[in-house]
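Residue 1 is where the sequence shown starts when you use the UniProt record's numbering, and the numbers rise one by one after that.
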Amino acid sequence: MRPVRSLARWAAYAVLALPLAVAPVAVRMRVPRRRLREPIRRRGITRVRIVAHSVLSAGVGLLAWFLVFLAVVALVRGLGYPLVAADDYENSWGGPTLAGAWAVHAALGVGLLPVWLAALAGLGALQLRLIRQLFERAGPAWPVPAALVLAIAGVFFFLSWLSQA
């Protein structure tokens, strides 16, 4: 049970990244210490680093919120399959019966929750490394370009999701 709680804490930190991106610096530094037991130290924080953290953290935070949205949609559509999308269950996964299609969609909706949680926890870990790189000037340099790439990829992923028929 302990690893699940730890993953949930990291996932919660990923979701908190969006509102924290516009919070004062003191709050941004206090939340990792309280939520994750990871203290952040100030080492020459400049306005450029604060703005860079705000932009990158907001981009990754938006991606985290989008992943939460997709997880909820998958769960609701899986559990409520007959009410939501059961118009062609003969040709859907688990068909040709409605019970089989419902069972497969419900199993996928519930079974993918740990995958969504792990993805969010990974974004939370990236958020912590990002704040360490920009505020502490400690650790490797990869979190900044990784956050930039993920934010851009998240925009393209969202736009492709929006344009699906």
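Each residue gets a CB set at the ideal place from its N, CA and C atoms; glycine is no exception.
None of these values were measured; they are calculated from a predicted model.
Span of the alpha helix (DSSP H) holding residue i?
{"i": "L123", "result": "L113 to I131"}
{"i": "I45", "result": "No alpha helix (DSSP H) contains I45, which DSSP labels as neither H nor E."}
{"i": "P145", "result": "P143 to L162"}
{"i": "A85", "result": "Counting along the chain, A85 falls outside any alpha helix (DSSP H), and DSSP gives it neither H nor E."}
Check each candidate in the options and name the one with the smallest Cα separation from residue i.
{"i": "L150", "options": "G122, T46 and D87", "result": "G122"}
{"i": "Y81", "options": "S163, T97 and F69", "result": "T97"}
{"i": "R77", "options": "L108, P19, R47 and A138", "result": "L108"}
{"i": "L120", "options": "L75, L62 and P143", "result": "L62"}
{"i": "L75", "options": "A106, R47, M29 and T46", "result": "A106"}
{"i": "V55", "options": "L134, A118 and P39", "result": "L134"}
{"i": "P39", "options": "L7, R129 and A147", "result": "R129"}
For a test of your reading of the model: does the CB of residue i fall under 8 Å from any non-hydrogen atom of the ligand GDP? Yes or no.
{"i": "A147", "result": "Absent from the structure shown: the ligand GDP. Ligands present: none."}
Rounded to a whole number of angstroms, what is the C-alpha to C-alpha distance between residue i and residue j?
{"i": "L70", "j": "S57", "result": "20 Å"}
{"i": "W116", "j": "V72", "result": "10 Å"}
{"i": "R42", "j": "V84", "result": "50 Å"}
{"i": "R132", "j": "A138", "result": "6 Å"}
{"i": "I152", "j": "D87", "result": "36 Å"}
{"i": "W65", "j": "A101", "result": "29 Å"}
{"i": "A103", "j": "V110", "result": "11 Å"}
{"i": "V51", "j": "R35", "result": "23 Å"}
{"i": "R47", "j": "H53", "result": "10 Å"}
{"i": "residue 206", "j": "L67", "result": "Any answer about residue 206 is impossible in this case: the structure gives the chain only from 1 up to 165."}
What three-state label does DSSP hand residue i in the structure shown?
{"i": "I40", "result": "coil"}
{"i": "V110", "result": "helix"}
{"i": "A138", "result": "coil"}
{"i": "A21", "result": "coil"}
Please report the Cβ distance between residue i and residue j, rounded to the nearest whole angstrom; I am assuming they are in contact, meaning their Cβ atoms lie under 8 Å.
{"i": "Q127", "j": "A17", "result": "5 Å"}
{"i": "A14", "j": "G124", "result": "4 Å"}
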